[in-house]
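Enquirer: What follows is a structure written as structure tokens; I'll ask about it next.
Protein chains in written order, with the numbering used here: chain A, 1 to 299; chain B, 1001 to 1299.
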């Protein structure tokens, strides 16, 4: 099954529209030489991507009745971090990719310098939006949102995971090391999305345990599914180059477990993630469907 | 005169020691494959640079009796943004520089991918430090510090200025355009340093007018002085490649005004900056000396 459940299909369509609208509103092209930078940012950010991170954030926030407009702006901040990481990841000195969301990568469509700067600007943008009183009035929430996202993004989170990923190309990683790599590289930002929804929902840290467990499980499942897609997916549907792990001689969940056990592991993680939501009623159906979709998607 | 005044020499030596100590404490090398990232960050950040931005921040904060430890941590955040911008600026696809602070640039000492990631991690680090309750207890101040620094760093600040700078290599810029470029590229972060000192000092925005005027004037003077150093400075003392503006056929204050008028303009701006501090007594002598040093330094 590759089609998302109706509740999820609707949620995805809605968040994609909302995030595109947020970027459009927050990145007006100025009438000076910075125009090129803003156009590049819009090229990279608008009209592409599944917006899973904003959907996680908004869906958790909605469990606690948070105003959607606030949650969407915070979702745009998380997505800005994701977008910047893709722009920089695609650079010639990194993964050297030509294709992203079925169109030329930013450094191909513009140039490398513009891609470096657009990525840098997106990171600042994320923290500018989160710390803006126009996003959320409560200064404590603003500071905590920044703290959660900055910790998840930096050397102790996503960027640290990318560094390990580069070191991993030499091979010789075992399963705990691959899990640690992915926990940082992909898991940290997914977990931050869930956590930021909980911050907006004014949940005390001790009330967030089940959501953190949900986030941890779907983060790992997400990466196993990604490894499976890289291994056996359809390049046209993915809109990017595949089979890169094997080419780079990189250990992945699939190379270490084999595709069947990896798939089984991902399914178990998803069931576990769904179980963590048992205290919630139908209002958490979107989060449940999202967990299932993560392992069933075909791109 | 190239030697800083005694009050400034002491202030520079002290802030350099404090910022090195802050980076050392905040960037312990982990016992995993992220070690390479942290080592690269330490290579770029510790033991180099004049630390003018932290000195501005700390000196303004001291006018209002702010605890030095708090101000130094915020100074390390501003310096992290400056360091990341230098790392990315030096990349082959940007300025392609081999030398920084008299040692190989980060991508030369490590590699390009590590340099991209170290820069990215430094930007996250800045916002992680500012939003950390361990830096400052008041959440309103934390959120405002992030807001000031993020706005000054991104597409509407430093990164926007770097984009204009690249476009400017085609030539054809007039004086107002060069001033605008520099206001964003260099001025925004210097102004943010002063503003963050005022935030820590709990100054209401209407009480910051004279400090903002001071920051604007020294920012412009700083860039004119930089253009003069690029034009006629000593490459060994600078610890980086010079004469790059002329090679790139780039309009600068010096190419547009000539070196004599540019020098005169910088001096006028410094006198104006010092005059903005007239409401302060001897406690602002370091800020006055810093303004003068900006145009008199030889590197």
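Note that the Cβ used here is the ideal one computed from N, Cα and C, for glycine as well. Given the structure is predicted, the values throughout are model-derived calculations rather than measurements.
1. Counting C-beta neighbours from all protein chains within 10 Å, is the total for residue 25(A) 16 or more, i.e. buried, or is it exposed?
2. Should the region 181-191 of chain A be regarded as contacting the region 112-122 of chain A, the criterion being three or more beta carbon pairs within less than 8 Å?
3. If we ignore side chains and look at the alpha-carbon of each, how far apart do residue 1250(B) and residue 1163(B) end up?
4. Tell me whether residue 1009(B) is buried or exposed, calling it buried when 16 or more other Cβ atoms sit within 10 Å of its Cβ.
5. Going by C-alpha to C-alpha distance, which of 1120(B), 1282(B) and 1220(B) sits closest to residue 1262(B)?
6. Nearest by alpha-carbon distance to residue 1149(B): which of 1199(B), 1088(B) and 1206(B) is it?
7. Quick check on residue 100(A): does DSSP put it in helix, strand or coil?
8. Just reading off the alpha helix (DSSP H) that residue 212(A) is part of, what are its end residues?
9. Here's the rule I'm using: 16 or more other beta-carbon atoms within 10 Å means buried, otherwise exposed. How should residue 1209(B) be labelled?
10. Residues of chain A with CB under 7 Å from residue 1088(B), in chain order?
11. Identify which residue in 128(A), 134(A), 40(A) and 291(A) has its Cα closest to the Cα of residue 104(A).
12. Indicate whether residue 1090(B) and residue 1107(B) have their beta-carbon atoms separated by less than 8 Å.
13. For the alpha helix (DSSP H) that residue 950(B) lies in, which residues bound it at each end?
14. Whose CA, out of 1155(B), 1006(B), 1171(B) and 1135(B), lies closest to the CA of residue 119(A)?
15. Using a Cβ-Cβ distance cut-off of 8 Å, determine whether residue 1166(B) contacts chain A.
16. Measure the alpha-carbon distance for residue 1012(B) versus residue 1287(B) and round it to whole angstroms.
17. Tell me which residues of the region 31-58 of chain A have at least one Cβ-Cβ distance to chain B shorter than 8 Å, keeping chain order.
18. Of all the residues that make up the region 1124-1138 of chain B, which are near chain A by a beta-carbon distance shorter than 9 Å?
19. Can you name the residues of chain B whose CB is closer than 8 Å to the CB of residue 159(A)?
20. Output, in chain order, the set of chain A residues within a Cβ distance shorter than 7 Å of residue 1153(B).
21. Kindly say whether residue 74(A), judged by its beta-carbon, lies nearer than 8 Å to any beta-carbon of chain B.
22. The alpha helix (DSSP H) with residue 1265(B) in it runs from where to where?
23. List, from N- to C-terminal side, the beta strand (DSSP E) runs of 3 residues or more that fit wholly inside the region 95-179 of chain A.
24. Taking only the alpha-carbon atoms, compute the straight-line gap between residue 1122(B) and residue 1276(B) and give it to the nearest angstrom.
25. Quick one: which chain A residues come within Cβ less than 9 Å of residue 1317(B)?
26. Nearest chain A C-beta to residue 1163(B) closer than 8 Å, yes or no?
27. Are the CB atoms of residue 1205(B) and residue 1228(B) nearer to each other than 8 Å?
28. Mark residue 1054(B) as exposed unless 16 or more other C-beta atoms lie within 10 angstroms of its C-beta, in which case mark it buried.
29. Return the CA-CA distance between residue 1001(B) and residue 1207(B), expressed in angstroms with no decimal places.
30. Taking residue 1011(B) as part of the alpha helix (DSSP H), name the residues at either end of that continuous run.
31. Identify which residue in 1285(B), 1234(B), 1143(B) and 1159(B) has its Cα closest to the Cα of residue 130(A).
32. Output needed for residue 212(A): all residues of its chain with C-beta closer than 8 Å, excluding positions within five of it in sequence on either side, in chain order.
33. Which one of 1173(B), 1087(B) and 1271(B) has the shortest CA to CA distance from residue 1254(B)?
34. Starting from residue 142(A), find everything on chain B with Cβ-Cβ shorter than 7 Å and list it in chain order.
35. Could you give the DSSP three-state label for residue 1066(B): helix, strand or coil?
36. Is it the case that the Cβ atoms of residue 45(A) and residue 57(A) are separated by a distance below 8 Å?
Expert: This is what the structure holds:
1. By the 10 Å Cβ count, residue 25(A) comes out exposed.
2. The region 181-191 of chain A and the region 112-122 of chain A do not touch, with fewer than 3 CB-CB distances between them shorter than 8 Å.
3. 13 Å
4. exposed
5. 1220(B)
6. 1199(B)
7. If DSSP states are grouped into helix, strand and coil, residue 100(A) belongs with the strands.
8. 209-232
9. exposed
10. 116 and 120
11. 40(A)
12. Yes, the Cβ-Cβ distance between residue 1090(B) and residue 1107(B) is below 8 Å.
13. Since the first residue shown for chain B is 1001 and the last is 1299, residue 950(B) is missing from the structure and cannot be characterised.
14. 1155(B)
15. Yes, its Cβ sits closer than 8 Å to a Cβ of chain A.
16. 11 Å
17. 32, 33, 34, 36, 37, 38 and 41
18. 1124, 1125, 1126, 1127, 1128, 1129, 1130, 1131, 1132, 1133 and 1138
19. 1037, 1117, 1120, 1121 and 1124
20. 124
21. no
22. Start and end: 1259-1275.
23. none
24. 33 Å
25. Given that chain B is displayed from residue 1001 to residue 1299, the structure contains no residue 1317(B) and the question cannot be resolved.
26. yes
27. no
28. buried
29. Residue placement at residue 1001(B) is flagged as unreliable, the pLDDT there being 47, under the threshold of 50; the coordinate-derived value follows with that caveat. When rounded, the distance between both Cα atoms is 34 Å.
30. 1006-1026
31. With distances taken between Cα atoms, residue 130(A) lies closest to 1143(B).
32. 191, 194 and 195
33. 1173(B)
34. 1143
35. The answer is coil: DSSP assigns residue 1066(B) none of H, G, I, E or B.
36. no
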